[in-house]
Each structure stands twice: as C-alpha cells, then as structure tokens.
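Student: Pasting a structure here, questions to come.
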Amino acid sequence: MKKLLEKLIRLRNRNFRFDENITTSVVIQFAYTQSIALLRGMKTLFYLKKPNGLMLGANVSFFNISKTKWGRFVRLGNNVYVSGLGKKGVQFGDNVSIGAFSRIVVSTSLNNIGEGITIGNDVGIGEFAYLGGAGGLEIGDECIVGQYLSCHPENHIYQDITTSIRHQGVSRKGINIGKNCWIGSKVTILDGVKIGDGSIIAAGSVVTKSFQENSIIGGVPAKLLKTRNHEQENHFSNLLCRESL
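Residues in the sequence shown are numbered consecutively from 1031, following our numbering.
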C-alpha cells in the first residue's frame, strides 16, 4: 500500500518518498484524509467546474467561483476562503498548496473591484496567509512560504487633511514575487514591491521596496543582507562605494 501511495503522490511531487519510520497505520490515516479531501473537491462539479484532483479541507468556501481557476492537484486546507471578485479573479497553477485558515481575496468592495491573484505551479504557502489582489498579486513557480504571509497590493490616499482617509480612495501598483523564492513566516509585503527570482526573505520582515534576483533580505523595513552569488555581491559593493564618493 505504501508503494502504491508513493506512486500516486509522485503525480503531484515527483521527489516524494515516505520516511522509513512511517508506519502502516500512519499511511492508512493519510490515505483516508486525502480521499476525503478529493471527495470534497468533487463538489465543484455543481458549479460546472472540473475538479482536476482538487483537494479541499473542511469548511473551504468560495465567493464568485466563476472567476476562480485551478490547475491539477491543488490543495486548500481547512477553513480557507477564496474570493474571485475581481477583473481577473484568482488563478492557481498545478500542485499549489494553501495552508489552513488562509484568505485569498481579490476585492472586499463592490464599488472598486481589484485586478486579480495569480499563483504559479508548485507553490506551497503556510497557514493563516492573507493574499490581497486589489492592485494585482503574482507569485512565481516553486515558491515556498511560511505561515502568516501577508500581501497588500493597495495603499490608502491620505494627503488631504480636511477629508477622512477612508473617503480619499486608494492607489494600486501591484506586487510581483518571482520564481523559486523562499519566504519565511510572518512576512508582510506592501504595494509596489517586486521580488526577483531566487530571493529569500527572512521571517518577520516588512518589505516596502523592490529587490533584485537572488537577494537575501530581512528586517523592518527589509533591507539587503547579502546575495546568493558573488557576482551580485560585488555589484552591490560597487554601488555602495560609488554612493560614498
């Protein structure tokens, strides 16, 4: 049974292999929970949507599901909420996993709906994430993300001190996270930020500006700590030297 399950799981994760210490009892429990999740995914047939191996935890809910699309073997944990209210809605790639109690919300208002949210293939996001899509949010392929990720592609306009902030409207630039990024837990990313491919964001960071590919960043607000290759380290060192002249 363990070998059969390994083959099935490799359809979603080609490198998967059960740990040698996993018992038959654990395998049976795992198979049961995954089977229930697949059965829950079948309910999307009532909305004339093809499940494609969609796995749903308990109490997963959708709003405006007609604007929500998913690839193969997408998994949404318990109590996940997905709102496709937006111009482009929500798009999940293949093999996406969203942790329990997360909220994927393009818009919260009917008078100024937002752009959309696109999540690439093989992306894993931990529990309690909040992904907003008002100004547009894109997450590239193969990103791995810890718990409590918070993305806010929208800002309130506040310059007029004679008018309440809530009545001054919003500005939107969007957020773009490149491919193959590792984002630690409790990271907040604000509007207008672009994160280059292969970057790493330390846990607890608040990202307020953009960074090039292969950057390792952290802090509040986040700053460049180092890079993943010496070529870029030399490039940034040269820039710092020029600024000091």
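Quick reminder that beta carbons are idealized off the backbone N, C-alpha and C, glycines included.
For the stretch 1188-1196 against the stretch 1169-1176, are there 3 or more C-beta pairs whose distance is under 8 Å?
Tutor: no
Student: Given a cut-off of 8 Å on the beta-carbon distance, is the pair serine 1113 and phenylalanine 1093 in contact?
Tutor: yes
Student: Under DSSP, the alpha helix (DSSP H) around glycine 1071 begins and ends at which residues?
Tutor: 1054-1071
Student: Note down the Cα distance separating cysteine 1271 from asparagine 1259, rounded to an integer number of angstroms.
Tutor: The predicted model places cysteine 1271 with a pLDDT of 48, which falls under 50 and marks its position as unreliable, so this point remains unresolved.
Student: Suppose you measure from the CA of arginine 1105 to the CA of threonine 1218; what does that come to, to the nearest Å?
Tutor: 23 Å
Student: On the premise that isoleucine 1128 lies in contact with glycine 1150, defined as a C-beta separation below 8 Å, what is that separation, rounded to the nearest angstrom?
Tutor: About 13 Å; that fails the 8 Å criterion.
Student: Which of the three DSSP states, helix, strand or coil, is assigned to threonine 1148?
Tutor: strand
Student: What's the C-alpha gap between isoleucine 1205 and phenylalanine 1158?
Tutor: 19 Å
Student: Look up glutamate 1036 in the DSSP assignment and say whether it is helix, strand or coil.
Tutor: helix
Student: Run the CB neighbour count on valine 1090, radius 10 Å, all protein chains shown included, and call it buried at 16 or more, exposed below.
Tutor: buried
Student: Rounded to the nearest angstrom, what separates alanine 1164 and phenylalanine 1060 at their Cα positions?
Tutor: 37 Å
Student: Assign phenylalanine 1046 to buried or exposed, taking buried as 16 or more other Cβ atoms, counted over all protein chains shown, within 10 Å of its Cβ.
Tutor: Of the other Cβ atoms in all chains shown, fewer than 16 fall within 10 Å of the Cβ of phenylalanine 1046; this residue is therefore exposed.
Student: If you follow the beta strand (DSSP E) that histidine 1182 is part of, which residue opens it and which one closes it?
Tutor: 1180-1182
Student: Am I right that isoleucine 1213 and glutamate 1168 are in contact with their C-beta atoms under 8 Å? What's the rounded C-beta distance?
Tutor: Their Cβ separation, rounded to whole angstroms, is 14 Å, which puts isoleucine 1213 and glutamate 1168 out of contact at 8 Å.
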